[in-house]
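Since the structure comes first, as structure tokens, the remarks are kept for the end.
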Amino acid sequence: MNAQHRYIELLKNSLLNEPYLENEVRLLYIFGMMASGRPVDTDVVRDINRRLPDWVETVRLARQEGRIWWNLNVNDATGNPKTLNLRNFCEFSHTMVGRKRLDNITNCLDIVRTENVPGDLIETGAWRGGATILMRGYLSAWEMNDRTVWVADSFEGLPVPSLPQDKGYDFSATKIPILSISLEEVQENFRRYSLLDDQVRFLKGWFCDTLPKAPIGQLAVLRLDGDLYESTMDGLNALYSKVSPGGFVIVDDYGDFAPCRNAVNEFRQLHGINEPIEKIDWTGVFWRKLS
Ligand SMILES: C[S@@+](CC[C@H](N)C(=O)[O-])C[C@H]1O[C@@H](n2cnc3c(N)ncnc32)[C@H](O)[C@@H]1O
């Protein structure tokens with residue numbers, strides 16, 4: 031591996047919080063003990079790898095796949111089993127996109143770079159910014175100084191569903207507060223990786239307002255990660271025509287959320303898009319736009 035590849039791998043490891051993964055398991059353990067009214071054993075906290083190897087392995091595997099790991103089965107103080115959902119205070123990494131979807135981003139960028147596919151990079155739905163930090167890091171590693179990374183988000187979480195297609199999928203800030211991350215926090219995350227500069231531009235607001243008038247020319251990578259039908263369709267309607275021939279369309283939630291999948295399928299059918307959809311992992315897909 032050369033230095034560029036090593037840097038990009040280190041960036042992925044950091045974005046996934048893998049160097050400090052055990053600390054997440056330590057917190058799970060402490061919350062689990064608190065919920066079941068038992069004392070925290072400081073030896074377990076210190077030596078978590080040896081004392082709770084299954085927990086560490088479970089979290090490690092979940093991080094590879096970008097899967098849920100924060101649900102904990104415990105017995106409460108009266109001995110009854112219950113599941114704790116610790117997501118809203120235990121999700122710490124800078125991206126919820128797992129390793130395989132991060133690898134997909136850099137695989138696409140390798141092709142964009144080696145085949146000179148023109149255009150900027152965008153993610154619609156950035157959360158803490160992790161996937162876009164990776165994009166900016168990639169440009170930096172390969173000294174690709176003529177492209178911009180666009181970071182589009184409300185920076186206040188998902189909208190309350192307004193379309194029938196999204197009925198039952200209310201992930202807005204009152205329901206899942208951890209999905210609401212401010213612009214300042216995302217900018218601070220870029221800064222911590224020394225990647226906040228004028229090659230990163232932020233589009234703050236609802237996609238239906240920001241994307242149609244964004245001053246974007248061409249795109250080499252369009253990454254859609256807004257979960258909903260509305261958010262996915264707004265991204266496709268505003269930006270698909272800007273993707274260069276040879277560029278990539280990546281959809282994070284195709285497998286996980288039917289509304290997102292329906293938006294993609296409808297859009298592809300309406301516009302006669304026949305390029306094959308390729309699977310990345312259990313939820314992510316992408317296709318390469320040929321013309
Ligand atoms: C699942 S998170 C994105 C995860 C992120 N790509 C990562 O690397 O971890 C979804 C994000 O999309 C944003 N979002 C969803 N629909 C939106 C819309 N219609 N307008 C603006 N932001 C939206 C939310 O605020 C949230 O930050």
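Just so we're aligned, residue 31 is where the sequence shown starts under the working numbering, counting upward by one. For each residue, glycine too, the CB sits at the ideal point set by N, CA and C.
Based on the DSSP secondary-structure assignment, which residues constitute the bridge partners of Trp-317?
Paired residues: Val-279.
Report the three-state DSSP secondary structure of Glu-39 (helix, strand or coil).
Of the three classes helix, strand and coil, the one that applies to Glu-39 here is helix, per DSSP.
Mind checking which residues open and close the beta strand (DSSP E) that includes Glu-153?
Glu-153 -> beta strand (DSSP E) spans 150 to 154.
Quick one: Cα of Arg-143 to Cα of Ala-244, how far?
If I take the Cα positions, the gap works out to 24 Å.
Does any heavy atom of ligand 1 sit closer than 6 Å to the C-beta of Asp-255?
For ligand 1, at least one heavy atom lies less than 6 Å from the Cβ of Asp-255.
Please report how far the alpha carbon of Gly-277 lies from the alpha carbon of Thr-72, in whole angstroms.
The straight-line gap from Cα to Cα measures roughly 52 Å.
For the segment 98 to 106 against the segment 131 to 138, do three or more pairs of beta-carbon atoms, one drawn from each stretch, fall closer than 8 Å, so that the two count as touching?
Touching, no, given that fewer than three Cβ pairs across the two stretches are closer than 8 Å.
Give the straight-line distance between the Cα atoms of Ser-274 and Pro-148, rounded to the nearest whole angstrom.
Straight-line Cα distance between these residues: approximately 6 Å.
Please tell me whether, using a cut-off of 6 Å, the distance from the CB of Gly-187 to the nearest non-hydrogen atom of ligand 3 is below it.
Here the bound small molecules are ligand 1; ligand 3 is not part of this structure.
Using DSSP's beta-bridge definition, name the partner residues of Asn-101.
Paired residue(s): Asn-115.
In or out: Thr-113 buried (at least 16 other Cβ within 10 Å) or exposed?
By the neighbour-count rule (16 or more Cβ atoms within 10 Å), Thr-113 is not buried but exposed.
At the level of alpha carbons, what is the spacing between Ser-184 and Leu-225?
Distance between the alpha carbons of Ser-184 and Leu-225 is about 21 Å.
Quick check on the burial criterion: 16 or more other C-beta atoms within 10 angstroms. Buried or exposed for Ile-60?
Ile-60 comes out exposed.
Is Asp-227 near ligand 1, judged by its Cβ being under 6 Å from some heavy atom?
Asp-227: no, Cβ never under 6 Å from ligand 1.
Quick one: what's Asp-183 bridged to in DSSP?
Note: Asp-183 sits in a beta bridge opposite Lys-234.
Output the distance between the C-alpha atoms of Arg-166 and Thr-108, rounded to the nearest integer angstrom.
Between Arg-166 and Thr-108, the C-alpha separation is close to 51 Å.
Assign Asp-282 to buried or exposed, taking buried as 16 or more other Cβ atoms, counted over all protein chains shown, within 10 Å of its Cβ.
The residue is buried, with at least 16 neighbouring Cβ atoms inside 10 Å.
Grouping DSSP H, G and I as helix and E and B as strand, with all else coil, what is Ser-212?
Ser-212 falls in the coil class under three-state DSSP.
Go to Arg-158, then tell me how far its alpha helix (DSSP H) extends in each direction, as first and last residue.
Element bounds for Arg-158: n/a, residue is neither H nor E.
Nearest to Pro-111 by CA position, among Glu-296, Glu-186 and Gly-62, is which residue?
Residue Gly-62 is the option with its Cα nearest to Pro-111.
I need the DSSP call for Leu-225, collapsed to helix, strand or coil.
Reduced to three states, the DSSP call for Leu-225 is coil.
Buried or exposed: where does Leu-139 fall if 16 or more other Cβ atoms within 10 Å of its Cβ makes it buried?
Leu-139 is buried by the Cβ-count criterion.
Assign Gly-67 to buried or exposed, taking buried as 16 or more other Cβ atoms, counted over all protein chains shown, within 10 Å of its Cβ.
With fewer than 16 other Cβ atoms within 10 Å, it is exposed.
Taking the DSSP output, what are the residues bridged to Arg-253?
Arg-253 is bridged to Glu-153 and Ile-280.
By the three-class DSSP mapping on this structure, what secondary structure does Val-273 have?
Strand.
Nearest-angstrom Cα distance between Asp-239 and Val-86?
Near 42 Å, if we compare the C-alpha coordinates of Val-86 and Asp-239.
To the nearest whole angstrom, what separates the beta carbons of Leu-269 and Ile-141, a pair I think is in contact under 8 Å?
About 19 Å; that fails the 8 Å criterion.
Does the structure place the segment 154 to 163 close enough to the segment 296 to 312 that three or more beta carbon pairs sit under 8 Å?
Short answer: they don't touch.
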